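For reference, the structure discussed in these notes is given below.
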Amino acid sequence: MKNFINVEKLETIADCLAALAQITADIEDIRLQLDFPRGDDPEWQQRASFAFRKCKAIKMNISTKLAVLRQQEKEQNRIVNVQHNDLLIAEMRRYLPRSAFAACVHRAKMKQEAACETTD
Numbered sequence: 205m206k207n208f209i210n211v212e213k214l215e216t217i218a219d220c221l222a223a224l225a226q227i228t229a230d231i232e233d234i235r236l237q238l239d240f241p242r243g244d245d246p247e248w249q250q251r252a253s254f255a256f257r258k259c260k261a262i263k264m265n266i267s268t269k270l271a272v273l274r275q276q277e278k279e280q281n282r283i284v285n286v287q288h289n290d291l292l293i294a295e296m297r298r299y300l301p302r303s304a305f306a307a308c309v310h311r312a313k314m315k316q317e318a319a320c321e322t323t324d
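Going by the working numbering, the sequence shown opens with residue 205, and the numbers climb by one from there.
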C-alpha cells in the first residue's frame, strides 16, 4: 500500500474512482507478492496478509462511498430535471393559448397511461 487512503476525505465521484483504481492496483501488488514470496520471513508473510485484508476492506468502503455519491448525484439530477420541467410548463402556459396547452396536457397524460400499461 503506497499511500494511505482516508475514505472520509473522498468527496467526489472522481476522488472515489481515483482511490478505487489506486487501491485495486495495491491489492494486485500485494497478491503477487503473496503468491511469489521472496524469502522465508514469516513476519513478512503475516504483515503482507494483514495489508491485503486491510486494502480489501478499504476498497469495500470506497465502493460503498462511491455508491452513495452516485445515488446523491442521481437524485440531484432528478431534482434539476423536475425544476426544468416545471419552469418549461410555466413558460408554455404563458405563451400558448389555453386550448393548445390543454390539448398538450391531455396528449401527455394519454402517452403516460399507454407507457404505464406497457410496463405492467
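Glycine is no exception: its CB is placed at the ideal position from the N, C-alpha and C atoms.
What you are looking at is a predicted structure, and each value in this text was computed from that prediction instead of being measured.
By DSSP, does residue i sit in helix, in strand, or in coil?
i    : result
I209 : coil
D230 : helix
F256 : helix
Restricting to Cα atoms, I'd like to know which of the options is closest to residue i.
i    : options                   : result
I217 : I283, Q275, M264 and D245 : Q275
A312 : S267, I293, E215 and T323 : I293
F256 : L270, R235 and L273       : R235
Got a sec, what are the start and stop residues for the alpha helix (DSSP H) residue i sits in?
i    : result
L300 : From DSSP, L300 is part of no alpha helix (DSSP H); its letter is neither H nor E.
D216 : The residue asked about is misnamed: residue 216 is Thr in this sequence, not Asp. Per DSSP, T216 belongs to no alpha helix (DSSP H) and is neither H nor E.
At the level of alpha carbons, what is the spacing between residue i and residue j?
i    : j    : result
D219 : A229 : 16 angstroms
P241 : Q249 : 8 angstroms
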